[in-house]
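Numbering (my numbering), first residue to last: 223 to 361.
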């Protein structure tokens, strides 16, 4: 049951969650039958709403005193919304996800080998995610 309403086609012993279930309260209705007895119907609710952990992919290119960072967040069947925060060295920049992707330019980065840290704090039923990748920033 999704929000107390039967899910079309979900009548077997198992059910694979779909993107339509994100953010919903799910429960299972079990009917026990036995000859010469009345049917016993039980409903068991799952705790909390259904959430999904996105996969984060980070790519980066070092340029002159800056890093160009591409971040992609994926959840099957869902376009991931929201903001990503990118840190390179001590510099921080944010970008808006469009179709689950963002291009973020981090400026004023000291030259040298740096670690790119990308963070997504989550949005609604989609949980947060983090990713890192090295980049070499040129003078």
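In this text, a Cβ means the ideal position worked out from N, Cα and C, and glycines have one as well.
Because the structure is a prediction, the values reported are computed rather than measured.
In terms of Cβ geometry, residue 280 and residue 348 do not form a close pair [threshold 8 Å]. Listed in chain order, the non-local C-beta contacts of residue 261 below 6 Å within the same chain comprise 253, 255, local neighbours out to five positions each way being set aside. Straight across, the Cα-Cα distance linking residue 303 with residue 265 is about 33 Å.
In the DSSP assignment, residue 249 falls within the unbroken beta strand (DSSP E) covering 247–254.
With contacts defined by Cβ atoms closer than 8 Å, residue 297 and residue 326 do not form a contacting pair. Taken through DSSP and simplified to helix, strand or coil, residue 261 comes out as coil. Counted as a single uninterrupted DSSP element, the stretch harbouring residue 286 is not any beta strand (DSSP E), since DSSP gives it neither H nor E.
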